[in-house]
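Whatever position you read off the sequence shown (first residue = 1), add 893 for our numbering. All C-beta atoms, glycine included, are put in the ideal place defined by N, C-alpha and C. None of the values given here were measured: they were computed from a predicted structure. To start, the structure under review is shown below, and the notes come after it.
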Amino acid sequence: MEKSKIDEILVSLGFGFPESKNDNIAFEETFEKYQFEADANKIDSEKILKSLKPKKKVTNIDYHRRTVLAAEIVYKLHKENTLGHLKLQKLIYLCQHSAQMDLYTNFLKQAMGPYDNRLMRSLDKQFKVNQWFQFSGGEYLKYQPLSKIGGHREWYEKYFSNQLSEIEFIIEKFRITKTKRVELIATVFACWKEIIEEKQLFNNEILIKKFYNWHPDKSKFSKQEIIDIIEWMKNEGFYPKIDLASS
């Protein structure tokens, strides 16, 4: 049978299959010295499959959901002088990952821990557009209530009906906690989550090493501070679990 044009093209590109004894010999000679140098034990088939899944298209509802979650946190904490951009972001991060929410964010490794710059700019803008809050960085209380404060609540109860208790727990647990401590907890949480995702053996030393490798700025925390936070998180049951939604 004659080869089709497509077959000829594939062969010319090196994708043809051996069809004769001579082809087989040539194939074996070509690859007899080939060595597979990758560590098979480090190949994560699950991660490869997840990366091949089509990514969900981000919608206006996705942006609205995260704005509403942030609005609820600010609504509950705007009278606390500890609340600012950094603490708000850390609480959003902890809500998202402790309750395994499907929330559109892009937290990156920054000096201050997991941080999403675009998210913060978007929230400030949407708070003002909706007349919920105005961010004033120079004020004692950073979030000033506007005329329609509380207007997010109907949406909040609709979007997060299955996570209300987890969100409330985090808001109240960190109500008066200073930003530096929340930064420490969120970064430890993120490092702990990485260990789980990478299927590494978990112990304090590995977690502490990962914490200090996060960013040079993390040297401002002592080893004992990190150990104390790890023990606190264990006692509170406040640490990352396996994300069943993405597995």
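About 12 Å separates the Cβ atoms of I1119 and I1099, ruling out a contact at the 8 Å cut-off. Counting every other CB atom within 10 Å of its CB across the protein chains shown gives P1007 a total of 16 or more, marking it as buried. In this structure, the CA atom of H957 is about 12 Å from the CA atom of L1012. Shortest Cα-Cα distance from L984 to any of F1095, K1066, Y1105 involves K1066. Taking the CA atoms as reference points, W1048 sits about 15 Å from V967. With a threshold of 16 other beta carbon atoms within 10 Å, Q982 meets it and is buried.
Under the three-pair Cβ rule at 8 Å, the stretch 1067-1078 counts as touching the stretch 1105-1123.
In the three-state scheme derived from DSSP, where H, G and I count as helix and E and B as strand, Q1027 is classed as strand. Annotated as distal: L1034 and N953, with beta-carbon spacing of 8 Å or more.
With fewer than 16 other Cβ atoms inside 10 Å of its own Cβ, P1109 counts as exposed. DSSP places K1002 in the strand class (E or B) of the three-state scheme. For Y1049, there is no enclosing beta strand (DSSP E); the enclosing alpha helix (DSSP H) has its first and last residue at 1046-1052. Collapsing the DSSP output to three states places Q982 in a helix. Note on geometry: alpha-carbon atoms of E1124 and Q989 lie some 22 Å from one another.
Residue environment analysis places I1042 among the buried positions, since at least 16 neighbouring C-beta atoms fall within 10 angstroms of its C-beta.
Shown here, Q989 sits in a helix according to DSSP, grouped into three states. DSSP, read as helix, strand or coil, puts P1133 in coil. In the DSSP assignment, Y968 falls within the alpha helix (DSSP H) that extends over 953-970.
Distance from the CA of F1028 to the CA of V961, rounded to the nearest whole angstrom, comes to 16 Å.
Residues of the same chain with a CB within less than 7 Å of the CB of P1038, apart from the 5 flanking positions on each side, are H971, F1026 in chain order. A direct Cα-to-Cα measurement between L1094 and E1129 gives close to 21 Å. When the five nearest sequence neighbours on each side are left out, the beta carbons in the same chain lying within less than 8 Å of the beta carbon of L1057 are those of E1050, in order along the chain.
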